[in-house]
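What follows is one structure encoded as C-alpha cells, with my remarks underneath.
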C-alpha cells in the first residue's frame, strides 16, 4: 500500500480501492488500540473542532495552516462525519495522515463517531453510496478505537528551543510507512479495564529525537507544575471524573454513560451540573470548570461540539474555549470557523471563512 499515492489521490477526491481501505482501517485500529483514553502530549499543536463532512473546507484549512507532518502537529476533536457531503473522504484522509505521521497527528472521538448517530445523520448512506455495508461496519469499528481526550503541555514561552516549533532531527518516515502485520484485533468486551492505563502503554508522542526544551522532549523528570496545560475533549466534563487520570479507567469500546458525558456535555451559565437538554451528558457551569482546572493544574479546556457563529468563543474567565471548524455549517449557516494553535506557553486562535468551492463542484467524488 502506497500511502503517498493514496494521499495525493485523496487531494483530488479519488477514493482508495476496497483493498487499500481495508488495510487503512485495520492499521488505524492497531495504532489506536495502543492509545489510552487520555493522550498525554507535549509541544506545539493545532487543535481542530467539528468538521462534519466538509472536506474542501478541511483541505483549505490545511492549505492555510500547513499540512500535517512531522513538524506540523494536529489534534482533531471529533465529529468528522455526518451532515456534510464528504464524510467518507474526511475520515479516510485523516486516517491516512494518522498512519503516515502517527506521532504528530491524533484523532479524538466525537459524539457522531457512534453508529447510533451516524446511521441516521448521513454517514451510513454516504458509505453505502461510495462503498458498501461491510465498510460501514469497518468505519464504525475504527471509531470505537479512538482516544477520548488529550492532556497537552505547551512549551515555554520564549524558551528559545527549536522543538517549540516541532522541528525534528530525525525522520520517522521509515517507521510510519511500515504497517502492522496483524489485521485482526480481538476485543474481550467483558473486561471493563481493557483500556485502563495499566494495560496500555499509551501512544504519547515519541519525542526522544526532538531538538528542544524538556517540555518539548516530554521528559518524565521535567517540572511541568507551572506550565501551560490544555485539556482537549469533544464535548465537556462529567461528574464522574474530578481527576483526569480517572478517565483511563473505563473501557471506551463499550457504549455507556462514561463515554457519553465526555462526548455530549455542554457548558452552561448555570452553576453545577444539570441535565443536558440534548438527552445525553450534562450541562456544566463555570464553578465546575474552575474546580476541574484546579484539581488537574489545567490552564485551558478546549472543546467543540457546539456551533459558534464567530468560529471561536472564550468563556469562564478564559478557562474554556469553544472552537468550530466547519465554516458555513451545512452550507447554509453563514458562520466562520476556527482552530487553536498551542505554542510559546499559550495559544492563539485562527479564524477563517468557507472555501470558494465548498461542495467541490466540477470535482467528481
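Residue numbers (my numbering): 48 to 412.
All C-beta atoms, glycine included, are put in the ideal place defined by N, C-alpha and C.
Being a predicted model, the structure only gives us computed values, none of them experimental.
Item	Value
Extent of the continuous beta strand (DSSP E) run through residue 386	384-390
Identified DSSP bridge partners for residue 201	275
Residue 151 versus 399, 88, 277 and 184, residue with shortest Cα-Cα distance	88
Span separating the alpha-carbon of residue 363 from that of residue 336	8 Å
Inter-stretch contact at 8 Å, needing at least 3 Cβ pairs: the segment 393-402 / the segment 121-141	no
Segment limits, alpha helix (DSSP H) that includes residue 337	333-343
Three-state class that DSSP yields for residue 48 in the structure shown	coil
Residues near residue 267 in its chain [Cβ-Cβ closer than 7 Å; skip 5 each side]	Since pLDDT at residue 267 reaches only 43, below the 50 mark, its modelled position is unreliable, and the value read off the structure follows with that caveat. No residues qualify anywhere along the chain.
Cβ distance (whole Å) where residue 173 is taken to contact residue 125 below 8 Å	In fact, because the Cβ distance is near 18 Å, the residues do not count as touching under 8 Å.
Contact check, residue 373 vs residue 104, beta carbons under 8 Å	yes
Length at least 3, wholly inside the segment 295-330: the beta strand (DSSP E) runs in chain order	320-322
CB of residue 133 within 8 Å of CB of residue 102, strictly	yes
Touching by the beta-carbon criterion (3+ pairs, under 8 Å), the segment 63-83 and the segment 385-392	no
Own chain, CB closer than 6 Å to residue 346, minus 5 neighbours either side, in chain order	275 and 276
Sufficient close CB pairs (3 or more, under 8 Å) joining the segment 135-147 to the segment 61-78	yes
Paired residues, beta bridge with residue 196 - DSSP	85 and 280
For residue 121, the residue or residues it bridges with in DSSP	93 and 152
Contact check, residue 390 vs residue 201, beta carbons under 8 Å	yes
Closest by C-alpha distance to residue 291, when choosing among 195, 325, 311 and 369	195
Distance between beta carbons of residue 281 and residue 156, contact taken as under 8 Å	7 Å
Strand pairing of residue 111, partner residues [DSSP]	Looking at the DSSP assignment, residue 111 forms no beta bridge with any residue, so it has no partner.
Distance, residue 370 Cα to residue 98 Cα	11 Å
For residue 137, the three-state DSSP class (helix, strand or coil)	helix
Pairwise C-alpha distance: residue 57 and residue 459	Residue numbering for the chain in the displayed model covers 48 to 412; residue 459 lies beyond these limits and cannot be assessed.
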